[in-house]
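Peer 1:
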Amino acid sequence: MKRIRNVLATVLLLLVGAAAHAAPAAQPPALVSILDGEAALLRDSGRFGAAEGVRLAAGDLLETGPQTRLLRLEFTDGAIVDLGPSTRAFVAPRLGMRGQAAAAHVYVLQGWFKLIQPAGGAPVPAGVLTPAYALGEPAGQQVAAVDADGGFQLFCEAGAVALQDRAARPAPPPVRLKAGEFFARRGSGKAAVAPRPTPAFIQSVPRSFLDPLPTRAALFKGREVAPRRLGDLAYTDAAAWLVAEPMLRSHFAIRWRALARRPDFRAGLVEHMREHPEWDRIVFPEKYRPKPPAQAPAAPPRPAGVRTY
-7 MKRIRNVLAT VLLLLVGAAA HAAPAAQPPA LVSILDGEAA LLRDSGRFGA
43 AEGVRLAAGD LLETGPQTRL LRLEFTDGAI VDLGPSTRAF VAPRLGMRGQ
93 AAAAHVYVLQ GWFKLIQPAG GAPVPAGVLT PAYALGEPAG QQVAAVDADG
143 GFQLFCEAGA VALQDRAARP APPPVRLKAG EFFARRGSGK AAVAPRPTPA
193 FIQSVPRSFL DPLPTRAALF KGREVAPRRL GDLAYTDAAA WLVAEPMLRS
243 HFAIRWRALA RRPDFRAGLV EHMREHPEWD RIVFPEKYRP KPPAQAPAAP
293 PRPAGVRTY
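Note that this note's numbering gives residue 184 to position 192 of the sequence shown, counting from 1, and the numbers run on in steps of one.
(1) Since Pro189 and Phe147 should fall inside the 8 Å C-beta cutoff, what is the C-beta to C-beta distance between them, to a whole number of angstroms?
(2) Going by C-alpha to C-alpha distance, which of Ala288, Pro21, Ile26 sits closest to Leu211?
(3) Relative to the alpha-carbon of Gly29, which residue among Ala131, Leu23, Val46, Thr56 has its alpha-carbon at the smallest distance?
(4) Look at Gly76 and Phe105 and say whether their C-beta atoms are less than 8 Å apart.
(5) Going by C-alpha to C-alpha distance, which of Leu169, Arg254, Gln287 sits closest to Val275?
(6) Assign Arg254 to one of three DSSP states: helix, strand, or coil.
(7) Given a cut-off of 8 Å on the beta-carbon distance, is the pair Gly142 and Gly128 in contact?
(8) By DSSP, does Gly57 sit in helix, in strand, or in coil?
(9) Bridge partners of Glu129, per DSSP?
(10) Is Thr79 near Gln102, with beta carbons less than 8 Å apart?
(11) Check whether the region 262 to 274 and the region 238 to 254 are in contact - that is, three or more C-beta pairs closer than 8 Å.
(12) What is the DSSP secondary structure of Phe349, counted as helix, strand or coil?
(13) Quick test of the definition: if touching needs 3 or more C-beta pairs under 8 Å, does the region 200 to 218 touch the region 42 to 61?
(14) Below 8 Å on the Cβ atoms is my guess for Ser200 versus Leu62; work out the distance and round it to an integer in Å.
(15) I'd like to check one pair, Leu54 with Ala95: are the Cβ atoms closer than 8 Å?
(16) Would you decide whether Ala50 is buried or exposed? Buried here means 16 or more other CB atoms lie within 10 Å of its CB.
(17) Tell whether a beta-carbon distance below 8 Å holds between Val235 and Glu263.
(18) Can you look up Leu121 in the DSSP assignment and give me helix, strand or coil?
(19) Determine, using beta carbons only, whether Thr122 and Val153 come nearer to each other than 8 Å.
(20) Secondary structure at Gly179, three-state DSSP: helix, strand or coil?
(21) State yes or no: is the C-beta of Pro187 within less than 8 Å of the C-beta of Gly172?
(22) Could you check if Leu87 belongs to the surroundings of the ligand FMN, using beta carbon to heavy atom distance under 7 Å?
(23) Quick check on Trp248: does DSSP put it in helix, strand or coil?
(24) Count the other C-beta atoms from every protein chain shown that fall within 10 angstroms of the C-beta of Ile194, then say buried if there are 16 or more, exposed otherwise.
(25) With a Cβ-Cβ cutoff of 8 Å, do Lys124 and Ala159 count as a contact?
(26) Can the beta-carbon of Leu48 be found closer than 8 Å to that of Ala22?
(27) Tell me whether Thr228 is buried or exposed, calling it buried when 16 or more other Cβ atoms sit within 10 Å of its Cβ.
Set out below in structure tokens:
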């Protein structure tokens, strides 16, 4: 019996070693190749300063400042996503969104982005997710603005793209745009497609989006740039994601569950609990514990000298 156990242990070690050899560590999906201004990186329980050369992991959150001109992300598959000022983005979200570009390069919660597929590159099936729409089958270049109130505008500068409404049920066919066309929906209003963008949109596009820029990922090959830790993740850093669409709220309730033990983070959760009710069970687990079964009341004592039959 001992010999059999030794043989099984040896086989198990060989299998584990083979699996480790066959499945190397996943390569970071993106790199910060250009940063003109300030940007924060939210990773795990910390807030970091983004910098050129920092390699991003799936799940990283980025936030640009109001004066930031450009944050460029270059992905390993050749796609490029430029972020403008006051923009929040979720890198390589893996949220199980069936039929909604589940392998998207980024989820843009709000702000400006430009999606670029370099000429001559292989087709990139993934795109960008926003609260209202999913961009799929992108080719060429698209510039878009995501408003905090649900509004969405997109200019297909070159190539083509398919826009899928994420909220409508049943899901309508995607809106397909070709080069030069402009899509807009204000708040919960009706969407419209025009042959060209409006003057107001053109005037508001970040100036940095108008200049063609070379790719720079090769400059950082073989270099490791570590982001500078700025401090612990505060409730105010995470708030915009904690009150986003239900799927994101559920995701972050699991991801940041341990932060509820910190008094400062917990205080923010309690104050804004109505906006993210998923946290109530985490912050107040005692409210959800099963109650003990009710016990039958004890029989009153029998008076002395009284006989029962």
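Glycine included, C-beta positions come from ideal geometry on N, C-alpha and C.
Peer 2: Taking the definition as stated:
(1) Position 197 of the sequence shown, counted from the start, is the residue given in the question as residue 189. Position 155 of the sequence shown, counted from the start, is the residue given in the question as residue 147. The Cβ separation is near 5 Å, so the contact holds.
(2) Within the sequence shown, the letter at position 219 stands for residue 211. Cα-wise, what sits closest to Leu211 is Ile26.
(3) Along the sequence shown, one-based indexing puts residue 29 at 37. Checking every option, the nearest Cα to that of Gly29 belongs to Thr56.
(4) Walking along the sequence shown from the start, residue 76 turns up at place 84. Walking along the sequence shown from the start, residue 105 turns up at place 113. Going by C-beta atoms, Gly76 is nearer than 8 Å to Phe105.
(5) Working through the sequence shown from its first residue, we reach residue 275 at position 283. Comparing Cα positions, the closest option is Arg254.
(6) Looking up residue 254 in the sequence shown gives position 262. In this structure, Arg254 counts as coil in the three-state DSSP scheme.
(7) Here residue 142 corresponds to residue number 150 of the sequence shown, with the count starting at 1. Here residue 128 corresponds to residue number 136 of the sequence shown, with the count starting at 1. No, the pair does not count as a contact, with Cβ atoms beyond the cut-off.
(8) Taking the sequence shown and counting its residues from 1, one reaches residue 57 at position 65. Gly57 falls in the coil class under three-state DSSP.
(9) The residue labelled residue 129 in the question sits at position 137 within the sequence shown. None, per the DSSP bridge assignment.
(10) Locating residue 79 in the sequence shown gives position 87, counting from the first residue. Locating residue 102 in the sequence shown gives position 110, counting from the first residue. A contact, by the Cβ cut-off of 8 Å.
(11) Under the Cβ criterion (8 Å, minimum of three pairs), the region 262 to 274 counts as touching the region 238 to 254.
(12) Past the boundaries of the shown model lies residue 349; the chain is included only from -7 to 301, so the question cannot be answered.
(13) yes
(14) By one-based count along the sequence shown, residue 200 stands at place 208. By one-based count along the sequence shown, residue 62 stands at place 70. Indeed, because the Cβ distance is near 4 Å, the residues count as touching under 8 Å.
(15) Counted from its first residue, the sequence shown places residue 95 at position 103. Counted from its first residue, the sequence shown places residue 54 at position 62. Taking 8 Å as the Cβ cut-off, Ala95 and Leu54 do not qualify as a contacting pair.
(16) Residue mapping note: residue 50 aligns to position 58 of the sequence shown, counting from 1. Burial call: exposed.
(17) The residue labelled residue 235 in the question sits at position 243 within the sequence shown. The residue labelled residue 263 in the question sits at position 271 within the sequence shown. Cβ distance not < 8 Å, so Val235 and Glu263 don't count as in contact.
(18) Locating residue 121 in the sequence shown gives position 129, counting from the first residue. Leu121 falls in the strand class under three-state DSSP.
(19) As a first step, residue 122 is located in the sequence shown; it is residue number 130 there, counting from the start. As a first step, residue 153 is located in the sequence shown; it is residue number 161 there, counting from the start. Their beta carbons are not under 8 Å apart, which means Thr122 does not touch Val153 by this criterion.
(20) Walking along the sequence shown from the start, residue 179 turns up at place 187. In the structure shown, Gly179 sits in coil (DSSP, three-state: anything other than H, G, I, E or B).
(21) As a position in the sequence shown, residue 187 is number 195, starting the count at 1. As a position in the sequence shown, residue 172 is number 180, starting the count at 1. Yes; because the gap between Cβ atoms is below 8 Å, this pair is in contact.
(22) As presented, the structure is devoid of all ligands, the ligand FMN included, so that no description of it is given.
(23) The residue labelled residue 248 in the question sits at position 256 within the sequence shown. Looking at Trp248 - three-state DSSP - the assignment turns out to be coil, as it is neither helix nor strand.
(24) The residue you call residue 194 lines up with position 202 of the sequence shown. It counts as exposed.
(25) For this step, residue 124 is matched to residue 132 along the sequence shown. For this step, residue 159 is matched to residue 167 along the sequence shown. Before going on, a small fix: residue 124 reads as Ala here, not Lys. Result yes, Cβ atoms of Ala124 and Ala159 sit closer than 8 Å.
(26) By one-based count along the sequence shown, residue 48 stands at place 56. By one-based count along the sequence shown, residue 22 stands at place 30. Pairing Leu48 with Ala22 gives a Cβ-Cβ distance under 8 Å.
(27) The sequence position of residue 228 within the sequence shown is 236, counting from 1. When all chains shown are included, Thr228 counts as exposed.
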